Structures are given as C-alpha cells and as structure tokens.
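Same order as they appear, the protein sequences are chains A and B.
When we follow the UniProt record's numbering, the leftmost residue of the first sequence carries the number 1, and every step to the right adds one.
When we follow the UniProt record's numbering, the leftmost residue of the second sequence carries the number 1, and every step to the right adds one.
Note that CB positions come from ideal geometry on N, CA and C, so glycine has one too.
What you are looking at is a predicted structure, and each value in this text was computed from that prediction instead of being measured.
Number of protein chains: 2
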Amino acid sequence: MPTYTPPLRDMQFVLHEVFQVTEAFKAMPRHADVDADTINAVLEEAGKFAAEVTFPLNISGDTEGCQLDNQTHEVTTPKGFKEAYQQYVEGGWPALSCEPEYGGQGLPFVVNQCLYEMLNSANQAWTMYPGLSHGAYEALHAHGTDEQKKLYLPKLTSGEWTGTMCLTEPHCGTDLGLLRTKAEPVGDGTYRITGNKIFISAGEHGFTSNIVHLVLARLPDAPKGSKGISLFVVPKFKVGADGSIGERNPIYCTALEHKMGIHGNATCALSLDGAIGTLVGQPNKGLAAMFVMMNAARLGVGNQSLGLTEVAFQNALVYAKDRLQMRSLSGTKAKDKEADPIIVHPDVRKMLMTARAYADGARALQVYCSLLVDQEQHHTDEKVRKDSAELVALLTPIVKAFVTDNGHISTNACMQVFGGHGFIKEWGMEQYVRDNRINMIYEGTNTVQSLDLLGRKVLGNQGATLKKFGKLIGQLVAEEGVNEAMSEFITPVAWLGEQMTKFTTEIGFKGFQNPDEVGAAAVDYLRVAGHLAFGYMFARMAQVALRKIAEGSEDPFYTAKLQTARFYFAKLFPEVHSLMRTARAGSKVLMETDAALA
Amino acid sequence: MPTYTPPLRDMQFVLHEVFQVTEAFKAMPRHADVDADTINAVLEEAGKFAAEVTFPLNISGDTEGCQLDNQTHEVTTPKGFKEAYQQYVEGGWPALSCEPEYGGQGLPFVVNQCLYEMLNSANQAWTMYPGLSHGAYEALHAHGTDEQKKLYLPKLTSGEWTGTMCLTEPHCGTDLGLLRTKAEPVGDGTYRITGNKIFISAGEHGFTSNIVHLVLARLPDAPKGSKGISLFVVPKFKVGADGSIGERNPIYCTALEHKMGIHGNATCALSLDGAIGTLVGQPNKGLAAMFVMMNAARLGVGNQSLGLTEVAFQNALVYAKDRLQMRSLSGTKAKDKEADPIIVHPDVRKMLMTARAYADGARALQVYCSLLVDQEQHHTDEKVRKDSAELVALLTPIVKAFVTDNGHISTNACMQVFGGHGFIKEWGMEQYVRDNRINMIYEGTNTVQSLDLLGRKVLGNQGATLKKFGKLIGQLVAEEGVNEAMSEFITPVAWLGEQMTKFTTEIGFKGFQNPDEVGAAAVDYLRVAGHLAFGYMFARMAQVALRKIAEGSEDPFYTAKLQTARFYFAKLFPEVHSLMRTARAGSKVLMETDAALA
C-alpha cells in the first residue's frame, strides 16, 4: 500500500527561502500581516488532513467508483468520501483563501495552492469536489451580481454547498462556439435553460444540500459562435431570496462516464430541462466570465500533476530502497543481503530523479505563479499588478501543459521502478498514471495550451511578456554572473534565454506567412518555454542552497537541492536541443500528408 | 466503438517489395516453395479472424476480466474468449509455423509474426493465450527429450493444449538467480516441484483439456544463483505415456492479479505443492533453455505494441476526420460544416503521423527480424545462419524496448486526438494505452533490454555485431548515394551511423573505467540505436517507393510511404540529438544523489 508524507519542508523552502512570500505580502494590504508561522501551521494541519483523511480513500475510491440511481438521478460516491468532505468543511478548509466578507479566512492564494498540492497527492478524484467549488466561487465573485454573491458566496465559502462548471456538450469541447444549450428569459429576470452537458466533474453527489452549477448557454437573440455565449448560475435546488432551499431544479444527472482514472469523481452527463438560472455578468460575455474560472483551473490542473508526481516519487523511492534485485554494476553494495536494493542501478536513479526534479520544479513554478496571482489582486502598485497579471497569463499554459506532461513522464517512470508490481492495482502506482492522464486533456488540451502560449501570449504581443520573463533571467545573471559556483546553473538558462529570442522571432516570421507554422511548432515551443521556466526555478533554488552552504549550513536538504538541480540540467533540460530542431522542421511535413492519412 | 482493418497492403509491401521474402526463402529448403500468393491468402484469412472474431471481444474482455473460483481453482475468462479460441484451433492457426512432423503447417516464422501483429491489434489480452503456447512449443522443441516432444508438441501444435512460462516469484523478477521453487527427484525420472510463482500470464483458463507449464526451479544440489536453475515441464493434468490425461497435478491458481490492463488475460499466482514434472534440457541449465522462449517472446512483445500502435492509429484517424471543432489556422476548410474536422490542425496531424510512422517502422523492423530468425534456422549457408543469429540478437532488445516505448508514445498520442473522449472507456482508446503499458515491463523491463543491448550485444563483442548492422547502411549508401532523390532519407541515417561508432566507443571507454557509466547511458543509447534501425527501415521503404514512382506508378500508397518517411526524419528522428547529449552527461549526476534520494 502506498504512503504519503506531506513535503512541508520543500514547500517552506520555496515559500520562505526562495520567494520570501511574507516579504512580498507586505506590499499587499490584505495579506500584510500573514507571517511564516501562520502559513507553516496551516500547511502542517492541511498535510495532516490530506495524509490522514483523504489519502486512505484513494485506492478504495478508485476501486468503488461512483454509481447513479437512474430513478432518483442521485449519485453515490465511494465509501468515506462524503464523511471526508464533512471533515473538510468542519476544518474550515473551503474558506481558506475566500474573502472575509463572505466568511472566508482571507489567506493568500499561494497558501491555498499549497493546501491543494497536498490534497491532490492524497486523492485527486476527491479533491475535485471542493476544487471545482472554489472555481465557481471565483467566477461568481468576479462577475456575479450583489444578490448572487450574497446568495451563493457564503455557502460556497463555508462548503455548505459546492459548485461546478458546465461547459462541454457532446459535439463541442474545445470549440465552445458550437454550443447549443438554450436560455430563454422567463420575464422575471430568470432564465429557463435547456440542453445537454457532458463531462461535468463533481456534477452530482450527496455531499451537500445544494450544488451550484455555472452553465454556459445561448440567449434567443445571441450571435453565432463564441460571441453569443452567456453564463448562468443554475442551482440544483432553487434558492429563495433568503437563501432557503426550494424545489428541485430540472438539472439532472443522466449518466456517469466510465473513465480511465479519477474514478472517485462523478463525471456526469447533465440534462437541463427548463432549469431556472440567473445571468452571471453581461449577456453574450459568458466565455470571458468563465475564463476567470478557467485560468485558475488551469493552474489547478498543473497543481494536480504536481501532487501526483510528488506522491508517485515518494512511493517509488521507498520501493527502490526496499526491493532487492541484482547486484550493482560497480560492485556489490549490500553484502549482507541476497541482492542489492535496486536504487543502486543508475537507471532506477534516473527514473526517481526525473520525478523528484519535475516535482521540485513544478512546486517552485506553482508557488511563483500563485504569488503572482496574489500580487495581481492585492499589490498596492498598479504597475506590479499589471506586470504580475501579464506574467501569470504567460506562465499559466506552461503550468497546465508542461507540468501535466511531466506528470505523465514522472508517474510512468515511478510505476516503471516497480517492474511488474507497478502494473498491479494494489501497489497504487498505475492509478497515479491513470489519474494524471486526464490532466493533459481537460481545461483545454495541452495542444490548446500550446497555441494559447505561442499564438496569444507570446506572438500576440510581439514577445513583450516573454521579454519581461527574460528580464528576470537577466537580473539573475547580473546578480550571480560572477559567482563561479552558480555558473553550472546559470549558463544553460542564460543560453536558452538568448536562443528563445531568435527561436521565437523565427517562428513568428514563418507564422506570419503561414499560420500553420505556429500550429506545427507550438507544442515543441511550449516544452522549450517550460524548460526555460524550470531552468530559472532551478537556478533560483540552487542560488539559495549555495548561499546556505556558504553560510556554513550542513543540512543535507540544501545538498539535495543542488543534486536535483544538477540532475535536471544534465538529464532533462537538454531535450530543448531536439525540440528546437523539430519545431523548426516546420509544418510542411505535417500538412503534406494527405496520402499517409487517407 | 473502435474499428479495425487488417493492414494487409502494408504487410505485403514490407514482405514482398522491401524485403522480398520469397526470394530469401529460396535459400531455405524448408520454405523454398512458399510463394507470395500463399502468404497473402493466409494473411487475408488471418486478418478476417482477427477483425471478426477476437476484435469484437476486446472491450468486453477488458470490462469483464477474469474470475477465480477459490474452491475449484478454475478461472472463468471473459464471455466469448473460449469460443474464439475454439475457432482459432479449428482454423488451424496454432499450427501455422509449427513443424510438419508434429502436425504443423511449417510456414515461415515471418508469416506467423504477421498473423500475430493482427491478433495483437484485435485483442492483446486474448492473443496472449495462444501466444504463450507458442513459446512453450519452441522451448520444448529446442530442449525437450524425444518423449517430451512426442507427448507435448502435437497437442501444442493443434492447440488442443496451451502452454505457459513460469519464471517470476514474489521476491524475484529480473533477478531469477534468487528463485526458490524446489524440484526434488522422485526416483523414477520425474521431479516433485514445490513453490510459488506469480505473474503467470494465461496461467489458468478453461480453453483446453490441459495446460503445459514450463517451470523454473532448483534441484536439491543446485549451485546458488542463476547457475543453479533448471527447467521443468509440469502439466496441469498428468499425462500418460500414451498422451492420455491423468489425475490433476497440484499446480493451482491461488489468485488473479488486478491489473492496469490486459484484463482479459488471466495473470495468475500459481502454487506448486509437489507437482510432478520432468526436466527439460540439462540440470542447472534452465535459464539458457528458457531463453529460447524469452528471445522469441521479446520479439513477440514488440509485436504486441506494433499491433496496438496500428489499431490506435486507425481509430484516431477516423475520429480526426469525423470530429468537427474549430477552424483551420490557415483558413476555413469545410465551408459547408459548422467547423472543420480536427485533422486540419497541424498538431493533430503530428499526433496521427507519430503513430503511423511508429507503426510502419516497427512493422518493417519486425518483418526484417523475423526473416532473420527464419534464416538463422533454415538457411543453407552456415555463415548466413550465424550472421542472422547475431543480427537478430542485436536487434531483439531494440524491438522489445524501442517499439514498446514508441507504442506508449503512440497510443497516448492517439488517445489525445480524442480529447476528453479519449479518457472514456467506450471509445476504446484508453484501453490501448493501458494494455500497451505492460509491454514496457514484462519479458525483461525496458531498462533490462537496454543493458542487454549496450552491455552484452554491443560492448560484449567490442561492437562487432553493431558493425555488421553498420555494413547494411554502408551498402545502402553505396547503392543509393548518388541518387539525389534518396539523399533526404540516406543522409540522416549515414550521419547517425557514423556518430554511433564514436558514441559507442566513448561510452565503452568510460564504462571500462566505471561500469555505472554503461548503466547510466544504456536507456538513451537504446533509443538512439532504435532510431538507427528505424532510420534504415524508412530509407529502405522510401527506396522502394521512389523506384515505383519513377517507374510510373501513380498509386498513392507509395506517396504515403514517402510522406511518412519525411515526417519521421523531420519530427521523430531528431530526438537523437538530445539523447546523445543526455547519455554523455554520464553517471555522476545520477549516482551522487544520496541526499536527494534520502
């Protein structure tokens, strides 16, 4: 059976030593008083919840899955899920980073993301129930009317109700412009909504007395395509003006999907048969309102893969030290045993270190981005708010796609460490692979992320935001360029930073002549950009570790950080060489394949 | 629901046009009369069986899985599996490449491998039942006594009985030297065998009246380690001298594994409680005898991933043409539809072409290796037999590891083409990913394959066999070097061939000083060698296609082959640049990670 130990020290390192978040909070009136002790105490408690309450339900949740009662349209979730949710609510966790005016604790987003890393390690399928709630909270907070906020936000904050996002329909996922669900004005300010939604995560369950669905639909006079989509809030049970629960709204779960993974989460087909909802934000501006949820959700999906990478790594490491098989190529290591533990084998170490490095890099980037979100929302300086917003917009598709692809690589590598036992369910490793697989798909496939990055975030403003990120690297070079000990970490990042400029210009120029060149290069481009971001993160982490060691620290924790950074630059980062080649190979060999794809 | 069309034309292309197998058969007395029409007719029938009989059982087999009756120790396989096996036997398929003296049809191994490609596409879990039989046939044929052959081979040939290979025990998989199962001489020439085996594929089922287990165990006086292992044949029911079935032998299935994939195959824990067996081959030479099975099995595992890559490709292609979503970046393509089919998007094509290229390359390499096996066994010229044996020994770990890793990449890419629908079981795509995953593990993990390649097959004879493969490339360069049209296909292969010499020498030299350098480089090395082999295969296929087109053929089939080769060299092959870098980055960053892996 797998085990999980919350990586508190690693989180603290990134939060306090690398990014010094409490220093940054001082420029945010809302968070100015949040101190390191508070954060650490919260995360320690959060880690206990994850490790003790939801982690033990992970394998059983996968085995049991969810069941739909076709008569009542109610869904039964795996044993223990509902009780765990009650404990979560009692612990006040849904409120962690919600606004105090709605009953929230008002802690920074970056703390919430650390909570979620641990929840995702413990049980991704369970975590999606509260996770989607938080997305609904944010969309209503940003775009809801005062009345909607008053009705829904306190309940979402306390966790008394949960939320969902209802976008996909059978014929449209990526291309929401095609959606057909209709909303007709009733005349009293409400709308009667009819249509079919699929793939609605946490779409039905018995955790709470109500579920707040955020639904995309078209008004009768709406323009075609994506400019004619509006956002509605459609509760499972109608809500009186006083917040009381009324009659059942006709939004029913009609089927549960049978999926590769996240079995414990109810992925619902929802049928709306004149369900009553109210408009969120402006008519026909629903996509923009929904994107408030989507952007946070994309960071959240990267966080899911960070969680799975971490827990897969922890368990593969235990196994690799325990499993005796063959002798080391360089001579027997465990003379008293009938074979050496497999951790003596270089490729086993390579698989383990791949996961370790991808977890460390992802955690640093996740914390960095989350702090940018806090700055975007709360910094006193408008320029900082704007810069932070731009930077997090640039990095969001990288977090979503690069971290989830790395999660795929890492969970598969950790499973491989187990040999045949990795393929057996009871060891838990294959579940991490299956659960992670959806992260590469939902909230915009990783191809869609790459087009968002290259087409919109980079070429869309002639590389202006990318240059801002480049300046951070330049700053690090300026600070540490003369420090010989840092050279092994800074040289590759500085080199790639320079290459990126040329690389981007080249693709931009080709794309100007033929837009398919952008589509052909985007996925490789995103991975190169991912390594630029991770390279920067590893250089920052190495910088702190080197300083601590120079100051006399003998804590092996800092040595570990240096070893991980060295491994990363030697064994993972160099794939940029091939990626830049394949990106440059262009679109012709792809588009001139009609015979091969006949 | 998925569909499957046997790729007969692609097989014929490789068999007849690229490798001209019937020409090669003329130097093998056993196969001299096998003509193209016979092969094509056999494969057409085989394709029908695969597509019509076992393919429709693939998803249901995955859903139902196998059940063990704890009282009787009998296993129930998914609905239809037994009947399909009966049809397989009635069609004479088990006998296809078995010796005529035991009732076989005596067709070449290469034809049998093409049959198996299709069976694997159709239903890998089902195919493992007859597939393991064939391995048992080969081990007994090579090492059995006359009596064993007389007793078992006719029944394995007809399919009346099936066979298994029983190697793994709970504490040992890769390291068979640790195995503990004991064999005690009874005194009458038989042995009483006691121990526990796990992960026994097709270890129990109700298809046949008997199951022939090949079991590794230790004699009482056996030396420790891998030099003290003997091979025994242990039938489920004892067999009289006349071939009659006697009493139940105490070799019982005590548990079925719950696995990530291949649910339709019974993966058994077998308990031997004094089961009676007879020795196969020499005492203490069991591993060598078992390796007859293992080598064929490793080619067979590559063939499993080839099959899955092909069927995943076919289905992703259908979906990509059918699914309407977004418009082409370079302008609307399907004006009459509400969106363009997703095949217009460059990255969708890249995912499809990745699978197409990896299927085409794997098929060519599989056919080439199988023909080498036929030559090794039946060629009149001893030197050809020896050279063929060496070459296939070199290529076997590449087929096993490179093709199964590519199967992982390809089935995941094809699943990704489906977006969210790829994650849903009913579409069938996620099953291909799950089923393929075991191929990277069993019959020696892909890390073990890489050590076999680099340590034993390449450095073990100072690169002599690798040079033989290099000569084939040299020959192609000599033939086609002046042909300008071939230059785009030959230049990269010739370049990599030259690089390989230097690369190999460098690693060999470092490995001589520190064996961990071999272990650190092996996995990357195997992928580079895989691209050398695939590159050669694509150059050979392009050569034929270019000739046909030069001769005036307007068959788009040849254009397709050129498009696929171009895609391969532009988008897949270039990863060798990064792989050679990471291999050269050495073992130090792996082995000096004690703090990071604390």
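Identify which residue in the options has its Cα closest to the Cα of residue i.
i, options, result
"P170 of chain B", "B:E382, B:S271, B:W427 and B:Q499", "B:S271"
"I193 of chain B", "B:S60, B:N249, B:T309 and B:G159", "B:N249"
"K238 of chain A", "A:P220, A:L219, A:A464 and A:S209", "A:S209"
"G80 of chain B", "B:E101, B:T54 and B:S328", "B:T54"
"L572 of chain B", "B:G530, B:T593, B:A596 and B:L546", "B:G530"
"K150 of chain B", "B:H577, B:V111, B:P100 and B:Y191", "B:P100"
"N295 of chain B", "B:G274, B:A255, B:L453 and B:G419", "B:L453"
"A320 of chain B", "B:I39, B:T164, B:M415 and B:V234", "B:M415"
"S133 of chain B", "B:L214, B:G144, B:K561 and B:R180", "B:L214"
"T332 of chain A", "A:D322, A:V344 and A:V417", "A:V344"
"L394 of chain A", "A:T447, A:N461, A:A357 and A:T181", "A:N461"
"S471 of chain A", "A:I441, A:L532, A:E426 and A:N436", "According to the sequence shown, residue 471 of chain A is Lys rather than Ser. Here the closest residue by C-alpha is A:L532."
"N406 of chain B", "B:V392, B:S305, B:A364 and B:A389", "B:S305"
"V544 of chain A", "A:V528, A:L562 and A:F534", "A:L562"
"A364 of chain A", "A:T3, A:V21 and A:H378", "A:V21"
"P6 of chain B", "B:T181, B:E17, B:G535 and B:A51", "B:A51"
Could you name the residues of the same chain whose beta carbon sits closer than 6 Å to that of residue i, not counting the 5 residues immediately before and after it, in chain order?
i, result
"Q325 of chain A", "A339 and I342"
"G302 of chain B", "V399, K400 and V403"
"L225 of chain A", "Inspection of the sequence shows that residue 225 of chain A is occupied by Gly rather than by Leu. Excluding residues within five positions, the ones whose Cβ falls inside 6 Å are G177."
"W161 of chain A", "K155, T208, N210 and V212"
"A255 of chain B", "A269"
"M353 of chain A", "F567"
"Y116 of chain A", "N303"
"Y137 of chain A", "L156"
Leaving out five residues before and five after residue i in sequence, what residues of the same chain have Cβ atoms less than 8 Å from its Cβ?
i, result
"G206 of chain A", "E74, V75, T76, T77 and K82"
"L590 of chain B", "D516 and A520"
"D555 of chain A", "K548"
Among residues of its own chain, excluding the 5 on either side of residue i, which ones have a beta-carbon nearer than 7 Å to its beta-carbon?
i, result
"G103 of chain B", "A95, P154, T157 and S158"
"T504 of chain B", "V458, G463 and L466"
"G19 of chain A", "Reading off the sequence, residue 19 of chain A comes out as Phe, not Gly. Result list for F19 of chain A: V367, Y368 and L371, in chain order."
"A565 of chain B", "F489, F538, M541 and A542"
"V477 of chain A", "I490 and A494"
What does residue i touch in chain B if you count any residue whose Cβ is under 9 Å from its own?
i, result
"I343 of chain A", "L597"
"Q325 of chain A", "H171, C172, G173, T174, D175 and L178"
"R456 of chain A", "Here the premise fails: no neighbours, minimum Cβ distance about 12 Å."
For residue i, go through chain A and note every residue whose CB falls closer than 8 Å to its CB, in chain order.
i, result
"M591 of chain B", "P346 and R349"
"Q416 of chain B", "M440, I441, T445, N446 and T447"
"T38 of chain B", "Result: empty, since nearest Cβ-Cβ is about 29 Å, beyond 8 Å."
For residue i, return the contacting residues in chain A, with the cut-off set at a CB-CB distance below 7 Å.
i, result
"S487 of chain B", "Here the premise fails: no neighbours, minimum Cβ distance about 16 Å."
"H73 of chain B", "Under the 7 Å cutoff, chain A gives no residues; its nearest Cβ is about 20 Å from H73 of chain B."
"H143 of chain B", "Those within 7 Å of H143 of chain B in chain A number zero; the least Cβ separation is about 25 Å."
Under 8 Å between beta-carbons, which chain B residues line up against residue i? List them in chain order, please.
i, result
"N585 of chain A", "Going by the sequence as given, residue 585 of chain A is Ala instead of Asn. Correct list: A570, K571 and P574."
Chain E beta carbons: is any one of them nearer than 8 Å to that of residue i?
i, result
"T411 of chain A", "Any reference to chain E falls outside this structure, whose protein chains are A and B."
Taking C-beta pairs closer than 7 Å, name the residues in chain B that residue i reaches, listed in chain order.
i, result
"E338 of chain A", "L178"
"G419 of chain A", "G173, T174, I441 and T445"
"F207 of chain A", "Going along chain B, no residue has its Cβ under 7 Å from F207 of chain A, so there is no contact; the nearest lies around 23 Å."
"T564 of chain A", "A596"
Subject >> Under 8 Å (Cβ pairs) to chain A, residues found in the stretch 425-449 of chain B >> reply: Within the stretch 425-449 of chain B, the qualifying residues are K425, E426, E430, V433, R434, R437, I438, M440, I441, Y442, T445, N446 and T447.
Original post:
If you measure beta-carbon to beta-carbon, which residues of the stretch 503-529 of chain B are closer than 7 Å to chain A?
Top reply: Within the stretch 503-529 of chain B, those residues whose Cβ lies closer than 7 Å to any Cβ of chain A are, in chain order, N514, P515, D516, V518, G519, A520, A522 and V523.
Subject >> Residues of the stretch 307-323 of chain A whose Cβ lies closer than 7 Å to any Cβ of chain B, in chain order >> reply: Listed by position along the chain: L317.
Subject >> Completely contained beta strand (DSSP E) runs for the stretch 462-506 of chain B, where each covers 3 or more residues >> reply: Correct list: empty.
**OP:** Write down every uninterrupted run of the alpha helix (DSSP H) in the stretch 423-457 of chain B whose length is 4 residues or greater and which is fully enclosed by it, in chain order.
**Re:** Within the stretch 423-457 of chain B, complete alpha helix (DSSP H) segments of at least 4 residues are found at 429-437 and 446-451, given in chain order.
**OP:** Pick out the complete alpha helix (DSSP H) segments inside the stretch 84-115 of chain A, 4 residues or longer, and give them in chain order.
**Re:** Unbroken alpha helix (DSSP H) runs of no fewer than 4 residues, entirely contained in the stretch 84-115 of chain A, are not found.
**OP:** Using a Cβ-Cβ cut-off of less than 9 Å, give me the residues of the stretch 530-552 of chain B that come near chain A, in sequence order.
**Re:** Residues of the stretch 530-552 of chain B with a C-beta atom less than 9 Å from some C-beta of chain A do not occur.
**OP:** Pick out the complete beta strand (DSSP E) segments inside the UniProt domain "Acyl-CoA oxidase/dehydrogenase middle" (165-273) of chain A, 3 residues or longer, and give them in chain order.
**Re:** Counting only runs of 3 or more, we get 182-185, 191-201, 211-217, 230-235, 237-239, 245-248 and 251-256.
Original post:
Counting only runs that start and end within the stretch 285-371 of chain A, where is the alpha helix (DSSP H) found for 4 or more residues in a row?
Top reply: Within the stretch 285-371 of chain A, the complete alpha helix (DSSP H) runs of at least 4 residues are 286-322.
Subject >> Near-chain A residues of the stretch 98-111 of chain B - C-beta to any C-beta below 8 Å >> reply: Those residues of the stretch 98-111 of chain B that come within reach of chain A (Cβ to Cβ, closer than 8 Å) do not exist; the list is empty.
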